[in-house]
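The sequence shown lines up with residues -35 to -1, 1 to 605 when you count with mature numbering (1 follows the signal peptide of the UniProt record, and there is no 0). What follows is one structure encoded as structure tokens, with my remarks underneath.
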Amino acid sequence: MEHIMSVVAKLTTFKPTTLVGAVAVAMGISSTAFATDSLSSESTPVSTLDTIVFTATRSAENIKDVPARITVIDEKTIQKNPILNVSDVIQRDPAVYIKQSGGMGQISEIGLRGMKSVHTLVLKDGARLNSQNELGPLYPAFLDTSDVQQIEILKGPASVQYGSDAIGGVVQLISKKPTQSGAELTGIYGENQTYKTIAKASLVNDQGFYAQVGGQRLESDGTRIFESQPKSEKASYDQKGYNAKFGYSQDNVVDASASISENKGTNIFSNDYIVNTAAREFENRVINAKVAYNILPNLILNAHYANVQDKQNVPAYASHYNTENNEGDLNLKWKFTPNQNILVGATYNDANYQSNTIVNNDQSVESTGYYVQHQFKNDRFDTQIGARVEDNERFGTHTVGQGAIRYHFLPNASVYANIGSAFRAPTLNEMYSQWGGNDQLKPEESISYELGFDYDINANISTSLSAYHTEVKNLITYTCVATCDGDYVNTFPVSQNMNINKAKFTGGEVEVKWHQDDLFLSTAYAFVDSENKENGKELVYRPRQTLTLSTGLENATYGISASLIARTKAYADTKNTLRVPGYATVDLNAYWNATKNVKLFTNIQNIGDVEYREVLNTYPANDWYINTGRQASVGVTFKY
């Protein structure tokens, strides 16, 4: 513990407050108190070889057999700090970059492997959360994790399985499925007058029926948004939501469920770049209905319907946004030999976008996809090959394909290769926005190549390495087309969404994980080189290098851990003259299961209170959105 704290002290400058002092005392567990029990699931956030994932093939697979790079964030890791939203949690993976315009509650965008946010498909239990608004997925900062059991981050193209948007990869939130009856209540208090309450209850019977309900509320005074603002000029955030899930499961016969989750609230931001008085009222809702039925022991029918709504009202801009996706999917999986299966299916999506900022205020698009996927598995090989034909009412027919293979050349070592094409249809906002919309846009198209290697050195140390190259044609960018040197007073630049020639992304990731009894250490490094092939410039907001590290001592009773995220500089303008500075932050977590019914926990995000620039704002003058700074909190969970 003393060694960990000494390292932290060197990395950051600690600025104690009353709350942080209390947290530090709570974390000051004597090193002699630690037992040497076996490693529990509370410990490391990285995946074990027995982890089951769903995103890569649309069905349950052992992660060690997937011929692609996929990261899993488990429930224990998510529960460590219930204040965190989806943005906060997933950036523990160094291949993920979150571009956020300010601190807690401010809008954020997901970048995966250097791609834009619109190139990352976000799902919740298979429901598409990407909307027809400009930025792609629902703002992940507005997505709560209270009902999330697992987050899967699939890297690389997945358009064969999911259609549009999955050029860079897929982030899927898997909601909880209760395994026993019970209830729990969590209360948290943190700096900046931050409060969160979570209540959950579940019921499970012997006949296979289950039900769960939950609700949560978060309030915070927040922090300043711009670097030029005094620290007293805070931007508050208020968010609340509920979730419910009902289902029936009978082994090898049927598995059916219906669920709903909703989050709504208000984030305050700046409408004059001086004071924070503007409000964004948001509401997002996901309805899911799924059934899997074993027609025969080797033949499974899957049906899925989802309705996703994202509503925003911004009175300060006299604008509102209302997007809705209705999607249905039907597929049949046939295991026609002990080592082979084939998946055949079709997906229909009806997307609608209503806003006073687009032409005619109301636009819709329908799309139907037909896909087929073949898998082969034995002791040595795992292969996956598939194709999809997408029929879009605005762009016609589009075809993508993918082939991948993993070879287990040793019981503890394997290599994989993956090649795939993907596409992204322009959003309705990109085509019909009153500010730069272009209804002549073409779909973006990509081709990706990837090689990977996984090696377990021994029972305690595992390593992984991957390298990839992706090229995207017809990349859509908001480009100045006239008066580009406008002074924003007498003359204003005129911009429009345009397809540029091509962009390329080359990079890789390496990870090392170690555990010994209750001790663990995991470190990962990601590199990406992005280039606009039209002018040779690097694409904006793509840090070339990211390093993450987590270490600690944890077991079923108590634990303490520290995690580091460090990123290098990135360009903030297309001319590659202004840079977003690099930064490093350290988080601490500790918990104590005082009894089987009571858990105490504490967190210090960004213990050094490091303030770093996030996004450049150029109007009316250059200023920077900055991060939240330190956020210390304490909490308790009561379980029954």
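All C-beta atoms, glycine included, are put in the ideal place defined by N, C-alpha and C.
Chain-order list of residues whose beta-carbon lies under 6 Å from that of residue i (same chain, five-residue window excluded)
| i | result |
| --- | --- |
| LEU168 | SER146 and ALA176 |
| ARG250 | GLU227 and GLN274 |
| ASN259 | ASN217, VAL218 and ILE265 |
| ASN287 | LYS276 and GLN319 |
| LYS196 | ARG189 |
| GLY293 | TYR270 and TYR313 |
| TYR213 | GLY173, PHE174 and ALA221 |
| GLU246 | THR231 and ASN278 |
| ILE530 | THR513 and THR550 |
| SER201 | ASP186, GLY187 and ILE233 |
Per-residue burial, residue i [other beta carbons within 10 Å of its own, 16 or more giving buried]
| i | result |
| --- | --- |
| PRO59 | buried |
| THR242 | exposed |
| GLU579 | buried |
| LYS561 | exposed |
| GLU499 | exposed |
| GLY385 | buried |
| SER284 | exposed |
| ARG507 | buried |
| THR(-19) | Because the pLDDT at THR(-19) is just 45, under 50, the model does not fix this residue reliably, and the value given afterwards should be weighed accordingly. When all chains shown are included, THR(-19) counts as exposed. |
| PHE485 | buried |
| GLY361 | exposed |
| ASN423 | exposed |
| PRO105 | buried |
| LYS210 | buried |
In DSSP terms, what residue i is bridged to
| i | result |
| --- | --- |
| GLN65 | SER73 |
| VAL251 | SER226 and VAL273 |
| GLU246 | THR231 and ASN278 |
| VAL493 | GLY472 |
| TRP400 | DSSP output for TRP400 lists no bridge partner at all. |
| LEU264 | LEU261 and TRP299 |
| LYS165 | GLU149 and GLY179 |
| ASP356 | THR333 and THR362 |
| ARG34 | LYS120 |
| SER487 | LYS478 and SER515 |
| ASP203 | GLU184 and THR231 |
| SER214 | ASP220 |
| ARG371 | ASP347 and TYR381 |
| LEU529 | LEU514 and VAL551 |
| PHE566 | TYR556 and GLY600 |
| MET463 | THR442 |
Whole-angstrom distance between residue j and residue i, CA atom to CA atom
| i | j | result |
| --- | --- | --- |
| ALA221 | PHE174 | 10 Å |
| TYR154 | ASP203 | 14 Å |
| VAL437 | GLU409 | 7 Å |
| THR522 | PRO303 | 43 Å |
| LYS502 | ASP494 | 11 Å |
| ASN325 | LYS45 | 46 Å |
| GLN367 | HIS339 | 11 Å |
| HIS363 | GLN114 | 35 Å |
| PRO47 | LYS41 | 11 Å |
| SER405 | ASN462 | The displayed chain sequence assigns Gln, not Ser, to residue 405. Computed Cα separation, rounded: 10 Å. |
| SER5 | ILE43 | For SER5, the pLDDT reaches just 35, beneath the cut-off of 50, and the residue's location in the model is therefore unreliable, although a value from the coordinates is still provided. Cα to Cα, SER5 sits roughly 15 Å from ILE43. |
| LYS300 | GLN71 | 47 Å |
| ILE525 | LEU77 | 29 Å |
| MET80 | MET396 | 20 Å |
| GLY91 | ARG359 | 24 Å |
| HIS84 | GLY133 | 5 Å |
| SER193 | ASP588 | 7 Å |
| ASN272 | GLU289 | 7 Å |
| residue 608 | LEU440 | Outside the modelled stretch of the chain, which goes from -35 to 605, sits residue 608, for which no answer is possible. |
| GLU149 | ARG182 | 15 Å |
| THR542 | VAL505 | 11 Å |
| ALA268 | ARG93 | 15 Å |
7 Å Cβ cutoff, residue i in contact with chain D
| i | result |
| --- | --- |
| PRO122 | Absence of chain D from the displayed structure is noted, only one protein chain being present. |
Same chain only: Cβ atoms within 7 Å of residue i, ignoring 5 sequence neighbours per side
| i | result |
| --- | --- |
| VAL18 | GLU26, ILE28, VAL31, ILE35, VAL37 and GLU117 |
| PRO143 | SER167, VAL169, TYR175 and GLN177 |
| SER24 | LYS298 |
| VAL341 | According to the sequence as given, residue 341 is Phe; it is not Val. Excluding positions up to five away in sequence, the list reads ASN304, GLN305 and THR348. |
| ASN321 | SER284 and HIS285 |
| residue 607 | No information on residue 607 is available, as it lies outside the stretch -35 to 605 that the chain covers here. |
- prompt: For the region 329 to 342 against the region 307 to 321, are there 3 or more C-beta pairs whose distance is under 8 Å?
  reply: yes
- request: Please determine if the region 479 to 495 and the region 453 to 467 are in contact, where contact requires at least 3 C-beta pairs separated by less than 8 Å.
  value: The region 479 to 495 vs the region 453 to 467: no contact.
- request: Would you check if there are 3 or more beta carbon pairs closer than 8 Å linking the region 352 to 364 to the region 375 to 382?
  value: no
- prompt: Do three or more CB pairs link the region 113 to 124 to the region 557 to 575 at distances below 8 Å?
  reply: no
task: Would you check if the region 51 to 71 and the region 572 to 590 touch, i.e. whether three or more CB-CB distances between them fall below 8 Å?
output: Note that the region 572 to 590 touches the region 51 to 71; at least 3 beta-carbon pairs, one per stretch, sit closer than 8 Å.
- prompt: Do the region 443 to 458 and the region 475 to 483 touch if we need at least three Cβ pairs shorter than 8 Å?
  reply: no
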